[in-house]
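What follows is a single structure, written as structure tokens, with notes after it.
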Amino acid sequence: MQSPTLDFNRLEVLSLLGRGAKGVVFLVRDNNDQDDKLLALKVILREAIEKKKKKTTRNDEYKRVSFEQEVLSRFDHPLFPSLHGVLSTDKVIGYAIDYCPGKNLHSLRNMQSESMFSDEIIRFYAAELVLALDYLHNQGIVYRDLKPENVMIQENGHLMLVDFDLSTNLAPRTPSPSPSLPSESKTSPARKKKKRFLRFGSFCNSGISPEEEELNSMRSSISTASSTLAASDSSRGEKSNSFVGTEEYVAPEVITGGGHDFAVDWWSLGVVLYEMLYGTTPFKGLNRKEAFFRILTKPPNLVGETTALRDLIRRLLEKDPSRRINVEEIKGHDFFRGVDWDNVVLVSRPPYIPAPDDGGEKGKDGNTKIDVENIVQEIFAAREEREKQSGNDNNSANLNIKGQKSGEWVRGLKTNNHLDSDNNFLVF
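Position 95, counted from 1, in the sequence shown is what full-length UniProt numbering calls 95; the numbers after and before it change by one each time, with no gaps.
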């Protein structure tokens, strides 16, 4: 499907929303749109893409942009953005998606007491993340960059996954036989009407009903059947060998370079849940080398009494992808006991609903027009200068690890190639 082209001259640029390793995001309003809808415009500097293209002798960067736009055009799901148009000038390329006024899960966590969520709130957001990843996997897409900064809060309080430039296509796994999402699209009037009757907590029954007792008696047989699916999730044959991700959330099999598949996303979910519970990631290191060593060799430090949530995190953070818990086992785990998977995305009162946002004033002082191309050029130039001054800190890092043999960058790995893979590996 051909994506609509955005008219740069008709875009009203309201503010700078953020910047990442790959692009700059602006809040815009398309004056061609009768709904006066706010959009998030992600912009990438062509010059930066060309420089990386010369270094790698490949066309990967343009392919990533094209792939991300193609993936966005496929989505028809309430937990994913819609592609509203693409932008192309002599200096920049980009695209516009739905704007989420609630910022992201990282910002929301920092608003909480001690920067941690309660188990009940974690259960709701975790359930939505499971549904989102399951949807991607059924389409043959491995996300590969799940982290709180990529999980936005929509105006209705539900989550939205963004940034798919590190995603890749693999053969779709066998679709989940568990209860599916409602068939209506995210803009369906029937869905909007139904959402009014559901509140946060109603998607999960806290008590154990007779029906749940029957469900519990079936759980062992379901677990036996899903163990076969777990193997199929991790050993379907088709795997990716790309070294991509974000440092503290990357799975062990990505680091070792032996090939990875959909199971990497369940590992990253475990890291995100750990961070929501404890306020920090489980394998944080002083540098990339130490972080990777911890990911490969250290168990997560699950402080506190044994709970269903901690057990789920432990099973998600299984270092062997063939033994890592899969989607059917996740949905049947005790932490999600009583969750009505059909109604999670229909809850009308999620834990947090952001205040209405009209986009604010135009420009920095209410009158100044924001020059997107110049701002993007300045940001990319400043980033390039910082990289030149700092050098590659990860390459110069000297981690003295007991028991590590000479010539090993991480115990058991003879080569140090991954430390040079900054083009594909994101560190914020």
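C-beta: ideal position from N, C-alpha, C; glycine also.
**Request:** Measure the beta-carbon distance from Pro351 to Phe124 and round it to whole angstroms, keeping in mind my assumption that it falls under 8 Å.
**Result:** 6 Å
**Request:** Grab the span of the alpha helix (DSSP H) containing Ile122 for me, first residue to last.
**Result:** 119–138
**Lys402 versus Phe293 - alpha carbon distance** = Here Lys402 scores only 41 on pLDDT, less than 50, and its place in the model should not be relied on; the value that follows carries that caveat. If I take the Cα positions, the gap works out to 12 Å.
**Prompt:** How do the segment 298–318 and the segment 335–344 stand: do at least 3 beta-carbon pairs fall below 8 Å, yes or no?
**Reply:** yes
**Prompt:** How about Val272 and Val130: do their beta carbons lie closer than 8 Å?
**Reply:** no
**Request:** Indicate the three-state DSSP secondary structure (helix, strand or coil) for residue 511 in the structure shown.
**Result:** Any property of residue 511 remains undetermined from this structure, which presents the chain solely from 1 to 428.
**Request:** Could you say if the segment 247–260 and the segment 276–289 meet the contact criterion of at least three C-beta pairs nearer than 8 Å?
**Result:** yes
**Message:** Pop quiz: Val151 and Asn104 are said to be a contact at Cβ under 8 Å. What is the actual Cβ separation, rounded to whole angstroms?
**Reply:** 6 Å
**Request:** Locate the alpha helix (DSSP H) running through Asn294, then write down its first and last residues.
**Result:** Looking at the sequence provided, one finds Arg at residue 294 rather than Asn. Here the alpha helix (DSSP H) through Arg294 covers 288–297.
**Asked** Using a Cβ-Cβ cut-off of 6 Å (strictly less than) and excluding sequence neighbours within five positions of Leu317, which residues of its own chain qualify?
**Response** Gly270, Pro300
**Collapsed DSSP secondary structure at Ser185 in the structure displayed** = Reliability fails at Ser185, whose pLDDT of 46 lies under 50, so the model's placement of it is uncertain and the value that follows must be treated cautiously. It is coil, neither helix nor strand.
**Request:** Could you check the C-alpha separation between Val339 and Val345 for me, to the nearest Å?
**Result:** 12 Å
**Message:** Restricting to Cα atoms, I'd like to know which of Ala382, Phe262, Asn287, Pro354 is closest to Ile325.
**Reply:** Phe262
**Message:** Using the Cβ count rule (16 or more neighbours within 10 Å means buried), how would you classify Ser118?
**Reply:** exposed
**Request:** Have a look at Val92, Lys91, Tyr99 and flag the residue whose alpha-carbon is nearest the alpha-carbon of Pro81.
**Result:** Tyr99
**Request:** Using a threshold of 8 Å, state whether the C-beta atoms of Gly140 and Leu161 are closer than that.
**Result:** no
**Request:** Kindly indicate which residue of Val13, Gln69, Ser3 has the alpha-carbon position closest to the one of Val372.
**Result:** Val13
**Message:** If I measure Cβ to Cβ from His84 and keep anything under 6 Å in the same chain, skipping five residues before and after, which residues do I get?
**Reply:** Leu39, Ala96
**Message:** Closest to Tyr274 by C-alpha separation, out of Met116, Glu68, Thr168, Ser107, would be which residue?
**Reply:** Met116
**Item:** Check whether Asp265 and Leu133 have beta carbons under 8 Å apart
**Value:** yes
**Prompt:** Quick one: Cα of Leu6 to Cα of Arg323, how far?
**Reply:** 46 Å
**Message:** Taking 8 Å as the threshold (C-beta atoms), are Leu146 and Ser15 in contact?
**Reply:** no
**Request:** With a threshold of 16 other CB atoms inside 10 Å of the CB of Ala355, please say whether the residue is buried or exposed.
**Result:** exposed
**Item:** Rounded separation between Pro4 and Ser113 - CA only
**Value:** 43 Å
**Message:** Which residues does DSSP list as the beta-bridge partners of Tyr95?
**Reply:** Lys42, Val86
**Request:** Could you work out which residue in Leu277, Ala382, Leu296, Glu290 is closest to Thr256 when comparing CA atoms only?
**Result:** Leu296
**Asked** Can you tell me where the beta strand (DSSP E) with Val151 in it begins and where it stops?
**Response** 151–153
**Message:** Mapping the DSSP letters down to three states, classify Met276 as helix, strand or coil.
**Reply:** helix
**Request:** Could you give the DSSP three-state label for Leu14: helix, strand or coil?
**Result:** strand
**Asked** Taking the alpha carbon of Val43 as the point to measure from, which residue in Asp90, Asp76, Lys54, Glu128 has its own alpha carbon closest?
**Response** Asp90
**Asked** Taking Cβ to Cβ, would you say Gln377 is nearer than 8 Å to Leu108?
**Response** no
**Asked** Alpha carbon to alpha carbon, how far is Ile330 from His260?
**Response** 19 Å
**Cutoff 7 Å; reference Val254; Cβ partners in own chain excluding five residues on either side** = Phe243, Gly245, His260, Val264
**Simplified DSSP state of Lys195, which is helix, strand or coil** = For Lys195, the predicted structure reports a pLDDT of 42, less than 50, and the residue's modelled location is therefore unreliable. The matter cannot be settled from this model.
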